[in-house]
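Novice: Below is a structure I'd like to ask you about.
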Amino acid sequence: MVTAGETQDDWSRLPVGRREYRQDALLAAALALGMAVSTILYGSTGFYDELAPWWVSVLLVLANTAPLALRRRFPMTVAVVVALTFAAMQVLHVPELFFNNFTLFIALYTVGAWCSDRLRAEIVRWVVIAGMFVWLFLAISFSWSVPSALPNDGDGLVSPVIANSLMSIIINLVYFGAAWYSGNRAWASAVAKHALAERTAELAVERERNAVQAVALERVRIARELHDVVAHHVSLMGVQAGAARRVLERDPAQAATSLGVVEDSARTAVEELRKMLGTLREDDRDVDGSTVDAPSTEGLARIAELATAATAAGRRAEYTVVGDERPVPPTVATVAFRIAQEAVTNVLKHAGPDARADLRLRYLPDAVEVEVTDTGIGSRASRPPSGDGTDRSRGGGLGHVGMRERVAAVGGRIEIGPRARGGYLVRAWLPTP
């Protein structure tokens with residue numbers, strides 16, 4: 478908020494519209510009419526012994542009121558003009574002592590309420606007020622120098638001369654202080670309203686941006702879930718179908734077993750897709766209001782099924798649990814299962830027919846660690862990561878990106894890459910608060 482003495486260079490209440498100009502023109506006309514009537518009435522009371530000529534009175538009345546029609550467009554100029562005509566009306570004995578107080582108050586108020594340059598607004602108001610007080614003290618001094626102009630002596634505690642002078646000073650202090658304060662308050666209110674409008678607009682833009690981001694994130698989430706669900710089972714089905722084709726004539730029983738695994742994998746994939754799509758249609762939220770990331774509650778216990786599936790696909794696989802088993806948050810369990818699933822899928826696709834896979838689940842004091850290694854060999858198994866940090870050797874595009882995103886979502890760490898002694902390693906450390 479802009480306070481007195483500061484300059485508001487990046488915002489202005491100007492320009493005003495036709496409505497404001499029309500209001501100011503009507504105000505100036507009403508004050509001109511009231512001042513004309515007041516001048517006639519005061520002139521009839523004999524307030525001045527010598528009155529200004531009628532044409533002088535007309536010019537000064539117009540000069541005092543007409544500028545108010547442009548008070549919001551040129552507030553400082555209008556204030557100076559109104560102050561000068563205010564003094565001229567008294568010097569030239571224009572018999573008007575009522576409405577000119579309103580015009581001067583409105584002019585000073587407008588400077589405080591509408592000037593964007595707050596330093597110049599203060600200077601102009603100080604100059605006008607100082608000039609008015611100089612005029613007041615000159616009038617008081619003149620009245621003291623003319624005995625006939627002084628009030629008669631009274632019996633009060635304070636001399637009538639001093640009392641009259643002090644009252645004039647107090648009235649002017651209240652008058653100019655009210656004009657100053659009300660103008661500053663109007664400016665502060667306008668600045669606050671402008672700031673609120675800007676903040677409201679920013680919030681609207683931010684809300685729209687968040688909505689777009691939410692849609693994008695949801696698309697990424699769906700793509701990740703589809704990849705996790707489909708890639709593993711389709712890879713397993715492809716391996717088993719190939720094995721069945723190769724032994725179909727010489728070993729029908731083995732071919733039937735492989736085709737049975739294909740059938741089971743297809744059924745499992747369809748079931749997981751059904752559960753995933755059902756979850757995506759719901760607004761599942763945990764107790765603190767965050768979205769539960771799960772097409773189901775894939776627990777750590779299902780990691781053993783991955784080893785069994787890999788063995789059925791013709792890959793030797795072992796599953797080991799290290800440490801004392803304990804419950805872990807569902808989100809962490811889901812992330813651990815999906816990482817192991819993606820790693821086993823890559824073993825089936827890239828490690829080669831003679832590779833052996835080891836799955837380990839370690840229960841640490843403040844985390845769980847899931848590790849999948851294999852003994853795969855060949856150019857694809859040992860190819861180094863690309864320059865952008867993404868490993869292309871094991872389907873490192875969407876699969877590895879998805880694993881890293883899942884681990885980052887729960888505040889964990891992941892290591893992905895070839896092993897020095899051959900094969901491949903995927904190790905994820907997942908905190909369990």
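So the number in our numbering is just where the residue sits in the sequence shown, counting from 1, plus 477. The C-beta atom is built at its ideal place from N, Cα and C for all residues, glycine as well.
Less than 7 Å between the C-beta atoms of Thr909 and Val845, yes or no?
Specialist: yes
Novice: Rounded to a whole number of angstroms, what is the C-alpha to C-alpha distance between Ile639 and Thr562?
Specialist: Roughly 28 Å between the two C-alpha positions.
Novice: Residue range of the beta strand (DSSP E) that Asp835 falls in?
Specialist: Per DSSP, Asp835 belongs to the beta strand (DSSP E) from Arg833 to Leu841.
Novice: If you draw a straight line from the alpha carbon of Glu679 to that of Asn687, how long is it in whole angstroms?
Specialist: Between the alpha carbons of Glu679 and Asn687 lies a distance of about 12 Å.
Novice: Of the residues Tyr652, Tyr901 and Asp501, which one's Cα is nearest the Cα of Asn578?
Specialist: Tyr652
Novice: Could you check how far apart the C-beta atoms of Ala820 and Leu777 are, in whole angstroms? I think they sit under 8 Å.
Specialist: At roughly 15 Å, the Cβ-Cβ gap does not stay under 8 Å, so Ala820 and Leu777 are not in contact.
Novice: The ligand SAH and Thr554: does any heavy atom of the ligand fall closer than 6 Å to the residue's C-beta?
Specialist: This structure lacks the ligand SAH; in fact it carries no ligand of any kind.
Novice: In the DSSP assignment, what are the bridge partners of Tyr525?
Specialist: Beta-bridge pairing links Tyr525 to no other residue.
Novice: Any idea what DSSP makes of Pro908, helix, strand or coil?
Specialist: strand
Novice: Please state whether the Cβ-Cβ distance between Val824 and Asp801 is less than 7 Å.
Specialist: no
Novice: Look up Tyr901 in the DSSP assignment and give the residues it is bridged to.
Specialist: Asp851 and Pro895
Novice: Provide the residue(s) that pair with Thr797 in DSSP beta bridges, ordered along the chain.
Specialist: Arg837
Novice: Give me, in chain order, the residues of the same chain whose beta-carbon lies closer than 6 Å to that of Arg896; leave out the 5 immediate sequence neighbours on both sides.
Specialist: Leu902
Novice: Going by C-alpha distance, which of Pro637, Ala718, Glu848 and Ala721 is nearest Ala834?
Specialist: Glu848
Novice: Report, in whole angstroms, the separation of the C-beta atoms of Trp657 and Gly589, which I expect to be a contact under 8 Å.
Specialist: Right, the Cβ-Cβ distance comes to about 6 Å (below 8 Å), so this counts as a contact.
Novice: Go to Phe579, then tell me how far its alpha helix (DSSP H) extends in each direction, as first and last residue.
Specialist: Phe576 to Trp591
Novice: Which same chain residues, not among the five before or five after His570, have their C-beta less than 7 Å away from its C-beta?
Specialist: Tyr525, Glu527, Leu528 and Ala529
Novice: Rank Tyr586, Met644, Ser636 and Ser521 by C-alpha distance to the C-alpha of Phe614 and give the top, closest one.
Specialist: Met644
Novice: Taking Cβ positions, are Thr580 and Asn541 nearer each other than 7 Å?
Specialist: yes
Novice: Count the other CB atoms within 10 Å of the CB of Val514; is the residue buried (16 or more) or exposed (fewer)?
Specialist: exposed
Novice: Between which two residues does the alpha helix (DSSP H) holding Phe563 run?
Specialist: Pro552 to Val568
Novice: What residue range does the alpha helix (DSSP H) around Ser534 cover?
Specialist: Trp531 to Thr542
Novice: For Gln690, is the classification buried or exposed, using 16 other Cβ atoms within 10 angstroms of its Cβ as the cut-off for buried?
Specialist: exposed
Novice: Pick helix, strand or coil for Arg881, following the three-state DSSP scheme.
Specialist: Note: Arg881 maps to helix in three-state DSSP.
Novice: Mapping DSSP to helix, strand and coil, what is Glu675?
Specialist: helix
Novice: The alpha helix (DSSP H) that contains Leu725, what's its start and end?
Specialist: Unbroken run through Leu725: none, as it is neither H nor E.
Novice: Tell me whether the beta-carbon of Ala546 lies closer than 7 Å to the beta-carbon of Asp594.
Specialist: Taking 7 Å as the Cβ cut-off, Ala546 and Asp594 do not qualify as a contacting pair.
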